[in-house]
Amino acid sequence: MISDFNYLKPGTLKEALAMFAEHDDCKVICGGQSLLIIMRQGMIAPEYLLDIKHVKELDYIKFDKNDGLKIGATTTHRSIEKSDVVKKNYPALVAMENKLASIQVRNWGTIGGNLAHADPAGDPAPVLIALKADIKVGSAKGDRAMSLEDFFVDYFETALDKGELVLEVQVPLPEPKTGAAYQKFNLLESDMGVVAVAASVTLNGGGKCKDARIILGNAGPTPKRVKRAEELLVGKAYDEGLFAEAGKIASEDCEPVADIHASEEHRRHLLGVLTKRMLKQAWEQARG
Ligand SMILES: Cc1cc2nc3c(=O)[nH]c(=O)nc-3n(C[C@H](O)[C@H](O)[C@H](O)COP(=O)(O)OP(=O)(O)OC[C@H]3O[C@@H](n4cnc5c(N)ncnc54)[C@H](O)[C@@H]3O)c2cc1C
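Note that numbering that gives the first Met the number 0 gives residue 256 to position 257 of the sequence shown, counting from 1, and the numbers run on in steps of one.
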């Protein structure tokens with residue numbers, strides 16, 4: 000049963016930020032795909048709900064070769080999945096969206112809501128961090144940007160300050176000879192992942208690894224970069240033994256917890272296997 004609340008419906012971003020600053024016990028609602036579940040469970044009972052779903056200024060996908068991709072916070076998962084520029088320049092993002100929940104949820108849930116919810120099993124964050132994304136947030140006092148990696152603080156906790164909204168996700172254009180891949184392991188099709196891995200690989204002119212990122216999903220309180228494995232890859236040539244070694248490191252350096260879906264040990268095993276597979280896929284894509 001959802002407790003009573005006062006409903007605030009701003010028409011513009013300026014109004015939204017002013018209302019958010021004015022009301023103390025206020026929660027933002029956008030698609031409601033995550034928020035309404037915890038409200039229905041009685042986990043939160045805010046006095047005010049600030050509905051930003053119809054703030055059109057935050058609903059956009061923009062792309063240019065210099066600035067890369069910019070996605071407004073109220074853009075739905077489905078719009079990202081269907082975007083031609085995203086398909087062409089960031090195929091890993093489309094592949095991820097394609098497996099996020101059902102079409103119904105993707106039609107309503109938004110990228111800003113997903114990231115602000117900070118569920119460690121959320122799909123977009125690992126891929127976006129692999130693609131070196133930043134996030135722009137803002138309040139009535141002004142805007143600021145940070146790397147998406149720094150945005151996640153703990154289970155369901157972000158670096159958002161009081162009165163701040165997620166405004167935009169910014170993804171640079173990947174360097175030439177870059178590949179990226181993402182896969183989650185789930186028990187039910189289109190459900191949250193038991194674990195997930197995103198990897199990106201950039202090659203130099205000689206075909207050796209210039210840069211790599213490995214990000215684990217649902218393997219700890221926040222999306223987890225496996226820097227020890229990333230460093231192992233830099234300067235090396237394609238070698239499946241190397242990918243297996245990186246997978247072993249990932250399974251050691253993660254912090255998964257056991258729940259009804261999988262034991263900690265099983266999660267570590269899956270993370271090792273997926274890391275190896277995602278590195279191979281990303282590398283092969285980078286080689287073209
Ligand atoms: C059946 C089902 C299956 C799902 N499966 C998946 C899945 O496989 N993978 C996955 O990643 N997710 C999954 N989800 C979660 C869901 O898709 C996302 O979390 C959703 O995108 C959240 O967006 P929303 O707009 O609905 O956010 P809301 O539910 O409206 O809000 C979520 C949280 O973010 C805050 N918020 C919203 N927008 C902003 C903003 N712009 N600035 C600051 N705070 C904001 C809200 O206050 C709230 O705390 C599933 C959900 C359902 C119901």
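Note that beta-carbon positions come from the ideal geometry of N, C-alpha and C, so glycine has one too.
This structure is a prediction, so every number in the text was calculated from the model and none was measured.
With respect to the 7 angstroms criterion, Glu229 and Ala249 are not classified as neighbours on the basis of their beta carbons. For the pair Lys64 and Leu241, the CB atoms are not nearer than the 7 angstroms cut-off.
At least one heavy atom of ligand 1 falls within 6 angstroms of the beta-carbon of Gly31. Boundaries around Val136 are those of the beta strand (DSSP E), Asp133 to Ser138, since no alpha helix (DSSP H) includes it.
Beta bridge pairing from DSSP links Asp153 with Glu156. Between the beta-carbon of Ala132 and that of Val170 there is about 5 angstroms, and that keeps the pair under the 8 angstroms contact cut.
Sequence-distant partners of Trp282 (beyond 5 residues in either direction) whose C-beta falls short of 7 angstroms from its own C-beta, in its chain, are Gly178, Val200 and Tyr237. Thr221 sits in coil when the DSSP states are folded into three classes, being neither helix nor strand. For Phe19, the enclosing alpha helix (DSSP H) stretches over residues Leu12 to Glu21. For the 7 angstroms CB-CB criterion, Cys208 and Lys235 form a contact. Asn97: not part of any beta strand (DSSP E); member of the alpha helix (DSSP H) spanning Pro90 to Asn97, first to last residue.
The Cβ neighbour count for Arg266, taken over all protein chains shown within 10 Å, is at least 16; the residue is labelled buried. Taking C-alpha positions only, Lys69 is separated from Thr221 by approximately 23 angstroms. Around the beta carbon of Gly141, fewer than 16 other beta carbons sit within 10 angstroms, so the residue counts as exposed. If you check the C-beta of Asp210 against ligand 1, you find no heavy atom less than 6 angstroms away. Only buried fits Lys275, as 16 or more other CB atoms lie within 10 angstroms of its CB. Annotation for Met277: the continuous alpha helix (DSSP H) segment containing it runs Glu263 to Arg286.
Looking at the DSSP output, Phe184 sits in a beta bridge with Val194. With respect to the 7 angstroms criterion, Gly192 and Gly216 are classified as neighbours on the basis of their beta carbons. An exposed status is given to Ala257, since fewer than 16 other beta-carbon atoms sit within 10 Å of its beta-carbon. The C-alpha of Gln40 lies about 19 angstroms from the C-alpha of Leu49. Under the three-state reduction of DSSP output, Met38 falls in the helix class. At a threshold of 6 angstroms, Val104 counts as near ligand 1, since its beta carbon sits closer than that to one of the ligand's heavy atoms.
Between Val104 and the set Ala124, Ser78, Glu21 and Ala94, the nearest pair of CA atoms involves Ser78. Take the alpha-carbon of Val136 and the one of Ala144: they are about 6 angstroms apart. For Phe62, there is no enclosing alpha helix (DSSP H); the enclosing beta strand (DSSP E) covers residues Ile60 to Asp63.
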